[in-house]
Amino acid sequence: MPNKYLVNFHSRELPQQEAEYLIIGGGIAGLFTAWAAAKAGASVTLLTKRSVAESNTDRAQGGIAAALGQQDSPGLHMQDTLVAGAGLCDEDAVRILVNEGPERVKELIDMGASFDRTGDDLCFTREGCHSQDRILHAQGDATGAEILRALSQNVTALASVEVLENQYVVDLLVKENTCYGVLAQDQVTGQFRIFRGRVVVLATGGSGRLYNYTTNPEVATADGIALAYRAGAEVMDMEFIQFHPTSLVLPDAPRFLISEAVRGEGALLRNARGERFMPQYHGMAELAPRDIVSRAILSEMAKTGAESVFLDLTHLDHEKIKERFPTITLTCSNYGLDITKDLIPVAPAAHYMMGGVKTDLWGETSIQRLFSCGEASCMAVHGANRLASNSLLDGLVWGGRIVQRAAYVVENRLHDKPEFYCDDLLPTPDIDYSELRKKLQQIMGEKVGPLRTAQRLAEALAFFDRWSHLQNHEVKETSKMEVRNMLEVGGLITEAAMMRTESRGGHFRLDYPETAERWRKHILLKR
42 MPNKYLVNFH SRELPQQEAE YLIIGGGIAG LFTAWAAAKA GASVTLLTKR
92 SVAESNTDRA QGGIAAALGQ QDSPGLHMQD TLVAGAGLCD EDAVRILVNE
142 GPERVKELID MGASFDRTGD DLCFTREGCH SQDRILHAQG DATGAEILRA
192 LSQNVTALAS VEVLENQYVV DLLVKENTCY GVLAQDQVTG QFRIFRGRVV
242 VLATGGSGRL YNYTTNPEVA TADGIALAYR AGAEVMDMEF IQFHPTSLVL
292 PDAPRFLISE AVRGEGALLR NARGERFMPQ YHGMAELAPR DIVSRAILSE
342 MAKTGAESVF LDLTHLDHEK IKERFPTITL TCSNYGLDIT KDLIPVAPAA
392 HYMMGGVKTD LWGETSIQRL FSCGEASCMA VHGANRLASN SLLDGLVWGG
442 RIVQRAAYVV ENRLHDKPEF YCDDLLPTPD IDYSELRKKL QQIMGEKVGP
492 LRTAQRLAEA LAFFDRWSHL QNHEVKETSK MEVRNMLEVG GLITEAAMMR
542 TESRGGHFRL DYPETAERWR KHILLKR
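FYI, the numbering for the sequence shown is 42 to 568, going by the working numbering.
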């Protein structure tokens with residue numbers, strides 16, 4: 042059986058510390074869980090891979106969806122979520138999301154999160170597949186950054202919460218299907234340490250860096266999913282990757298998200314010939330579900346031989362656009378684009394993972410005392426295709442529910458503190474991990490991207506099989522550990538994509554282009 046650890050170690054030889062809640066990840070899901078746990082009277086240690094500021098939360102532009110408007114309702118929000126989810130949403134999970142979400146957003150506001158307003162009234166906008174204006178935003182297009190500011194400010198002010206940055210969690214410490222803590226490495230000193238927790242929460246975020254083109258920050262290397270899988274947890278819906286339709290495409294520039302809210306304000310998509318094309322693909326045109334818009338863009342790129350299509354805002358009120366999208370305006374300006382006068386070149390890029398560590402409706406995984414929330418988790422609330430701006434809401438709702446559920450775990454403390462060790466891993470082989478990472482990202486982009494076939498997937502699986510022997514070797518540097526995690530999760534995504542012989546939501550098979558009723562089910566993978 043493949044080894045479940047990345048390094049040789051013995052817990053009794055390492056420094057140790059303990060908290061009631063051990064939370065891994067410093068985005069919205071991890072921070073809100075920490076805040077809720079501290080408010081419930083628990084001691085919390087929160088570990089972040091780098092700084093709290095480095096997460097997908099910080100990059101969230103469009104906003105957070107919540108049925109707070111006078112014409113809106115949780116029922117309408119639920120209906121839109123189910124439509125986007127393409128038949129694979131868990132209806133109970135969606136009902137929880139849309140009904141509990143508004144209260145969680147109000148708590149954010151009480152913490153000091155400053156959402157845009159007209160007078161005393163909150164401003165709402167609309168994004169793809171929403172039937173109502175229900176997207177709250179902050180500073181135009183800096184919603185995630187404002188939420189992160191408010192949360193981190195409140196969490197770090199709590200005496201019962203210890204936030205430790207630059208702590209790379211290497212592996213979970215699991216014995217007899219119970220999680221006791223984690224092995225982590227300090228990225229400044231290189232020292233390994235054992236962190237024990239009565240409750241361990243994975244809130245490690247996404248996996249976009251598995252792909253060569255992504256809107257995600259460098260930290261999004263699927264670490265949480267990989268270490269949970271190695272430890273024996275179930276993962277689900279791994280084939281469903283959401284590719285955001287509109288990322289900025291410029292030579293020598295990183296892919297930058299051009300928010301869906303831009304299309305919500307009336308921007309049009311045009312191909313290289315200047316033709317508007319979305320009405321030909323879907324009745325909602327530019328505001329169709331993300332998977333449909335992404336495939337339409339790829340189709341137009343193929344027809345014209347171009348490397349992008351274009352977002353056209355030139356017909357919209359110039360001052361309003363600058364006010365509504367200051368971050369996008371400034372970023373494009375830095376690359377010589379005036380979004381009020383120039384067309385913005387865009388193409389799809391990996392953005393969000395619908396799958397992840399399988400949990401129940403309270404965030405519990407298949408391993409006792411191990412919980413998960415946010416993008417690293419999967420309880421099928423997003424189905425096969427996440428509705429725009431539901432991701433931030435997801436982190437809030439299940440961060441709060443975990444604390445409600447985990448009360449019994451905190452009260453029933455474990456008296457035993459088992460030791461953990463690994464001593465059979467071979468030395469690190471002499472390979473170029475940097476080049477391996479680039480090759481992996483290229484393979485995922487070309488073979489496991491928005492358009493898939495059995496042949497492409499088989500070629501990707503052959504690549505992952507070729508490197509499977511690395512599971513027998515240890516790695517001591519975090520950059521190499523990331524590559525190992527990327528290999529683990531890339532293989533899971535590819536395996537699930539090969540198994541699902543249909544097209545649904547974020548998974549599209551050119552050789553099986555239809556949606557099949559018999560595939561209205563989930564794929565679970567476990568070691």
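Backbone N, C-alpha and C define an ideal beta-carbon position, used for all residues, glycine too.
Mapping DSSP to helix, strand and coil, what is residue i?
i: residue 512; result: helix
i: residue 417; result: helix
i: residue 430; result: coil
i: residue 423; result: coil
i: residue 380; result: coil
i: residue 551; result: coil
i: residue 189; result: helix
i: residue 321; result: helix
i: residue 219; result: strand
i: residue 562; result: coil
i: residue 255; result: strand
i: residue 540; result: helix
i: residue 151; result: helix
i: residue 260; result: coil
i: residue 346; result: coil
i: residue 389; result: strand
i: residue 521; result: helix
i: residue 572; result: With the chain covering only 42 through 568, there is no way to say anything about residue 572.
i: residue 208; result: strand
i: residue 162; result: strand
i: residue 567; result: coil
i: residue 194; result: helix
i: residue 331; result: helix
Ordered along the chain, which non-local residues of its own chain (more than five positions away) have a Cβ less than 7 Å from that of residue i?
i: residue 107; result: 142, 143, 146, 175, 177, 434
i: residue 500; result: 488
i: residue 554; result: 544
i: residue 541; result: 280, 548, 560, 564
i: residue 186; result: 99
i: residue 474; result: 520, 521, 524
i: residue 459; result: 216, 221
With distances taken from CA atoms, which of the options is nearest residue i?
i: residue 44; options: 531, 465, 519, 484; result: 465
i: residue 86; options: 329, 180, 452, 200; result: 200
i: residue 195; options: 130, 221, 149, 512; result: 149
i: residue 230; options: 538, 536, 523, 517; result: 517
i: residue 10; options: 47, 227, 76; result: For the chain, the structure presents residues 42 to 568; residue 10 sits outside this window and is missing.
i: residue 118; options: 343, 140, 367, 270; result: 140
i: residue 77; options: 443, 521, 538, 472; result: 443
i: residue 135; options: 419, 535, 550, 469; result: 419
i: residue 392; options: 370, 282, 275; result: 282
i: residue 363; options: 349, 346, 350, 382; result: 382
i: residue 369; options: 428, 288, 90; result: 288
i: residue 179; options: 340, 213, 240, 366; result: 366
i: residue 452; options: 83, 361, 211; result: 83
i: residue 203; options: 258, 62, 256; result: 62
i: residue 138; options: 292, 414, 528, 338; result: 414
i: residue 426; options: 113, 95, 51, 124; result: 124
i: residue 225; options: 46, 469, 423; result: 46
i: residue 131; options: 531, 421, 469, 502; result: 421
i: residue 502; options: 512, 513, 530, 408; result: 530
Within its chain, find whatever has a CB closer than 6 Å to the CB of residue i; leave out the 5 residues flanking it on each side and keep chain order.
i: residue 93; result: 67, 193
i: residue 580; result: Absent from the structure is residue 580, since the part of the chain shown begins at 42 and ends at 568.
i: residue 380; result: 354, 370, 373
i: residue 189; result: 98, 99
i: residue 311; result: 317, 351, 353
Would residue i pass as an interface residue toward chain D - the criterion being a Cβ-Cβ separation below 7 Å?
i: residue 293; result: Included in the structure is just one protein chain, with no chain D present.
Tell me which same chain residues have a C-beta within less than 8 Å of the C-beta of residue i, skipping the five on either side of it?
i: residue 551; result: 492, 493, 494
i: residue 276; result: 266, 269, 270, 396, 397, 398, 399, 419, 533, 565, 566, 567
i: residue 205; result: 86, 87, 88, 89
i: residue 450; result: 239, 240, 410
- Message: Runs of 3 residues minimum, wholly inside the region 47-126: which ones carry the beta strand (DSSP E) assignment?
- Response: Within the region 47-126, the complete beta strand (DSSP E) segments of 3 residues or longer fall at 57-65, 85-88, listed in chain order.
Q. Touch check for the region 264-271 and the region 232-241: three-plus C-beta pairs under 8 Å?
A. No, because fewer than three Cβ pairs between the region 264-271 and the region 232-241 fall closer than 8 Å, the two stretches do not touch.
- Is there contact here, the region 334-343 with the region 368-376, by at least three beta-carbon pairs under 8 Å? Short answer: they don't touch.
Ignoring anything shorter than 3 residues or poking outside the region 435-506, list the beta strand (DSSP E) runs there in chain order.
Assignment of beta strand (DSSP E) within the region 435-506, counting only whole runs of 3 or more residues, yields no such run.
Do three or more CB pairs link the region 235-249 to the region 50-67 at distances below 8 Å?
Taking 8 Å as the limit for Cβ pairs, the verdict is that the region 50-67 does touch the region 235-249.
Is the number of C-beta pairs between the region 396-406 and the region 300-311 that are closer than 8 Å three or more? They do not touch, by the three-pair rule.
key: Length at least 4, wholly inside the region 262-317: the alpha helix (DSSP H) runs in chain order   = DSSP runs (the alpha helix (DSSP H)) wholly in the region 262-317: 264-271, 301-305.
Below 8 Å, how does it come out for the region 527-540 and the region 314-328: are there three or more Cβ pairs, yes or no? Below 8 Å, too few C-beta pairs join the region 527-540 and the region 314-328 to call them touching: fewer than three.
**Asked** Can you find at least 3 beta carbon pairs, one from the region 340-347 and one from the region 289-300, that sit closer than 8 Å?
**Response** By the C-beta criterion, the region 340-347 is judged not to be in contact with the region 289-300, since fewer than 3 inter-stretch pairs fall below 8 Å.
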